[in-house]
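**Student:**
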Amino acid sequence: MAYLLRLTPRFEKNFQRITKKDHVLRDRVYKKLKEICDNPFIGETLSHNLAGMMSTHVGNWVVIYLVEDEKIVLLNFDHHDRAYFKSL
Numbered sequence: 001m002a003y004l005l006r007l008t009p010r011f012e013k014n015f016q017r018i019t020k021k022d023h024v025l026r027d028r029v030y031k032k033l034k035e036i037c038d039n040p041f042i043g044e045t046l047s048h049n050l051a052g053m054m055s056t057h058v059g060n061w062v063v064i065y066l067v068e069d070e071k072i073v074l075l076n077f078d079h080h081d082r083a084y085f086k087s088l
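Note that our numbering numbers the sequence shown so that position 88 is 88, with each residue one more than the last.
Below, the structure written as structure tokens:
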């Protein structure tokens, strides 16, 4: 079952800023998002203050998302060192 993607403003802003000049990274993220749509549970389940959310890596970058019914809400895209703190 394929899921519907919904992007938050934070995800959109960070994704545009980070991939603006890096088309290879952008293509890798698109590929990972397709994988998430096909099976959203491939990611790592988060805990503590991010409980209920999931994450997956694209190199040093992290996609943080939430699975709701048949939707996947993309919450944040950022460097690993910053992604988890800015997703609060």
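Beta carbons: idealized from backbone N, C-alpha and C, even for Gly.
Note that the structure is predicted; figures quoted are calculated from it, not measured.
Assuming T56 and K32 are in contact, meaning their beta carbons sit under 8 Å apart, how far apart are those beta carbons, in whole angstroms?
**Tutor:** Position 56 of the sequence shown, counted from the first residue, corresponds to residue 56. Position 32 of the sequence shown, counted from the first residue, corresponds to residue 32. Right, the Cβ-Cβ distance comes to about 6 Å (below 8 Å), so this counts as a contact.
**Student:** In whole angstroms, what separates the C-alpha of N14 from that of D69?
**Tutor:** Working through the sequence shown from its first residue, we reach residue 14 at position 14. Working through the sequence shown from its first residue, we reach residue 69 at position 69. Taking the straight line from one Cα to the other gives about 25 Å.
**Student:** Quick check on the burial criterion: 16 or more other C-beta atoms within 10 angstroms. Buried or exposed for N76?
**Tutor:** Taking the sequence shown and counting its residues from 1, one reaches residue 76 at position 76. N76 comes out buried.
**Student:** Under the three-state reduction of DSSP, which class applies to T56: helix, strand or coil?
**Tutor:** Taking the sequence shown and counting its residues from 1, the one referred to as residue 56 is at position 56. Judged by DSSP in its simplified three-state form, T56 adopts strand.
**Student:** Could you spell out the range, first to last residue, of the alpha helix (DSSP H) harbouring C38?
**Tutor:** Position 38 of the sequence shown, counted from the start, is the residue given in the question as residue 38. According to the sequence provided, residue 38 is Asp. The question's Cys does not apply to it. It spans 23-38 - the alpha helix (DSSP H) in which D38 sits, taken as one unbroken run.
**Student:** Would you grab the beta carbon distance between W106 and H48 for me? Rounded to a whole angstrom, and I think it's under 8 Å.
**Tutor:** Residue 106 lies beyond the residue range present for the chain, which begins at 1 and ends at 88; the question has no answer from this structure.
**Student:** Got a sec, what are the start and stop residues for the beta strand (DSSP E) K71 sits in?
**Tutor:** Counting from 1 along the sequence shown, the entry for residue 71 is found at position 71. K71 -> beta strand (DSSP E) spans 71-79.
**Student:** Where do the N-terminal and C-terminal ends of the alpha helix (DSSP H) with I18 fall, by residue?
**Tutor:** Position 18 of the sequence shown, counted from the first residue, corresponds to residue 18. I18 -> alpha helix (DSSP H) spans 9-19.
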